[in-house]
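J.:
Protein chains: 2
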Amino acid sequence: MAEVPSGQPQGQSRQKVGRDGILDVAARLFREHGYAHVTLRKIAQAAGIKAGSIYYHFGSKDEIVVAILDAGIAVVHEQMHQAVSALPAGSGGATILRAAIRAHLRALLDFSDYTSANVRIFGQVPQVVRDANLPVRRAYEAEWDALLSGLQAQGALRADLDIRRFRLMLIGALNATLEWFDPDRGSADALSDTYADIFLDGILTRTGGQT
Amino acid sequence: MAEVPSGQPQGQSRQKVGRDGILDVAARLFREHGYAHVTLRKIAQAAGIKAGSIYYHFGSKDEIVVAILDAGIAVVHEQMHQAVSALPAGSGGATILRAAIRAHLRALLDFSDYTSANVRIFGQVPQVVRDANLPVRRAYEAEWDALLSGLQAQGALRADLDIRRFRLMLIGALNATLEWFDPDRGSADALSDTYADIFLDGILTRTGGQT
DNA sequence: GTCTATATGGGGATAGAC
DNA sequence: GTCTATCCCCATATAGAC
């Protein structure tokens, strides 16, 4: 993301000092390479400092990871909430869901190294780190469940749809996109529309007309 | 899976000798703990041998991993192919898709430590290992694409559905289930039906009647 | 706030006895 | 086929100079 000034040694970005600079480069590295392969030495090198210096800002590697995981959920939660809140009052269920899906996918694929790092490494980190990230995860999940339950109560969603199960399926499907998304084959927004088309109406040929 | 005779020391299964025994325990450990956290020492301990002995059967840790990844795809590929082939001639598109989805999810959640290990660790292994697994993956993907394209040619699926993209979405969604599936909340088969319901017909309330 | 130097532990892999 | 013993490397983390 940050361009490297042309005179710099390879593999070392310009100094990104301070706690936030370290988090930024660490999030990018975790996103790209996964949890285990990213060492403090590599984070330090990418930030333009030495490994020992990291301990002035953080108490442990896991402390860095927890900060990144939490920030990743915070970003996507805020984006999704904003996107839905910004819709005109009285928007239909399909419109609301499309907006929420698009916001989630944008944060994951376009915006945020923190969100994508979260999705990428959550399954790889030690249990204590996962536990530390749980509260913010639960809050985001609750936001989705509230949204979906509201739509179901309005009659926009099938009455027999299990909200929790559908939310797990939907978020799981969206997050899995990270593994194969290629911006050269289409934008995140275009992908959002395809997801929405499929989840809202399915893939079968319709005999009767439908929204 | 294998019961431990009651007199055995903790953390050590009964001897599972030979190459296949090592692969079995390694697949289970990779499934449970991910790639990086499973060491040769732990595999050896679980197999009831010492770490050095593994090198009689395998040239490296990566050789073990490649064997497990390949076997994981082979199992799910075979199961899916069998399930579809076993259907009565002239089965409808919805029936065929339901059978394929069910077979995939069964292999992943009920059957095979190899398949679930593949899904769990593929994103964590070194590039050379991923590359080695690519041919069998491509073959499985081709099986799905052929199935879906055939259904689309028959008019069972929407004509504007991008097959490759849908296949990535579907397999990604099914595989993501591994992260949250809890057999106490319902069987893999029940989950398959929910997936099929959603992907085939969507989640919106239908105004007109539909299959 | 960052450096150098180092303690400590664990990993994959190899050699040779049995 | 499995063992013990060991090499070598790299990880996190700490201590103290600057």
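From first to last, the protein sequence lines stand for chains C and V. Sequential numbering of the first sequence, starting at 719, is according to our numbering. Sequential numbering of the second sequence, starting at 719, is according to our numbering. Using N, Cα and C, we set each Cβ at its ideal position, and we do this for glycine too.
In chain V, which residues lie with their C-beta within 9 Å of the C-beta of C:TYR913?
T.: Numbered from 1 along the first sequence, position 195 holds the residue referred to as residue 913 of chain C. MET887, listed in chain order.
J.: Any C-beta of chain C sitting closer than 9 Å to the C-beta of V:PHE829?
T.: As a working note, residue 829 of chain V is residue 111 in the second sequence. Chain C, which has no Cβ nearer than 9 Å to the Cβ of V:PHE829, makes this no.
J.: Are at least three pairs of beta-carbons, each pair with one atom in the region 903 to 915 of chain V and one in the region 848 to 868 of chain V, less than 8 Å apart?
T.: no
J.: Under 9 Å between C-beta atoms, does V:ILE782 make it to chain C?
T.: Translated into the one-based positions of the second sequence, residue 782 of chain V becomes position 64. With 9 Å as the cut-off, V:ILE782 does not count as an interface residue toward chain C.
J.: So with CB distances below 8 Å, who are the chain C contacts of V:GLU897?
T.: On the second sequence, position 179 is the one that residue 897 of chain V refers to. In chain order: GLY841 and GLY890.
J.: What are the start and end residues of the alpha helix (DSSP H) that includes V:VAL756?
T.: Along the second sequence, one-based indexing puts residue 756 of chain V at 38. Run containing V:VAL756: none; DSSP gives neither H nor E here.
J.: Within 10 angstroms of its Cβ, does C:ASP738 collect 16 or more other Cβ (buried), or is it exposed?
T.: Numbered from 1 along the first sequence, position 20 holds the residue referred to as residue 738 of chain C. With fewer than 16 other Cβ atoms within 10 Å, it is exposed.
J.: Hey, could you find the ends of the alpha helix (DSSP H) C:TRP862 is sitting in?
T.: On the first sequence, position 144 is the one that residue 862 of chain C refers to. Taken as a continuous stretch (DSSP letters only), the alpha helix (DSSP H) holding C:TRP862 covers 845 to 871.
J.: Just reading off the alpha helix (DSSP H) that C:ILE889 is part of, what are its end residues?
T.: Walking along the first sequence from the start, residue 889 of chain C turns up at place 171. Residues 881 to 894.
J.: Which class does C:LEU922 belong to by DSSP, given the choice of helix, strand or coil?
T.: As a working note, residue 922 of chain C is residue 204 in the first sequence. Of the three classes helix, strand and coil, the one that applies to C:LEU922 here is strand, per DSSP.
J.: With 16 as the cutoff for other CB atoms within 10 Å, does V:TYR753 come out buried or exposed?
T.: On the second sequence, residue 753 of chain V is found 35 positions in, with the first residue counted as 1. Classification for V:TYR753: buried.
J.: Could you check whether the Cβ of V:ASN893 sits closer than 9 Å to any Cβ belonging to chain C?
T.: Within the second sequence, the letter at position 175 stands for residue 893 of chain V. With its beta carbon less than 9 Å from one in chain C, V:ASN893 belongs to the interface.
J.: If I'm right that C:THR685 touches V:GLY868 with Cβ under 8 Å, what's the distance once you round it to whole angstroms?
T.: This structure gives no information on residue 685 of chain C, because the portion of chain C shown stretches from 719 to 929.
J.: On the criterion of 16 or more Cβ atoms from any shown chain inside 10 Å, does V:SER830 qualify as buried, or is it exposed?
T.: The residue you call residue 830 of chain V lines up with position 112 of the second sequence. It is buried - the Cβ of V:SER830 has at least 16 other Cβ atoms within 10 Å.
J.: What are the boundary residues of the alpha helix (DSSP H) that C:ILE772 is part of?
T.: Residue mapping note: residue 772 of chain C aligns to position 54 of the first sequence, counting from 1. Here the alpha helix (DSSP H) through C:ILE772 covers 772 to 775.
J.: Quick check: what's the CA-CA separation for V:ALA821 versus V:ASP880?
T.: Position 103 of the second sequence holds residue 821 of chain V. Position 162 of the second sequence holds residue 880 of chain V. So the alpha carbons of these two residues sit roughly 23 Å apart.
J.: What's the gap between the Cα of C:ASP780 and the Cα of V:GLN845?
T.: Along the first sequence, one-based indexing puts residue 780 of chain C at 62. Along the second sequence, one-based indexing puts residue 845 of chain V at 127. Computed Cα separation, rounded: 25 Å.
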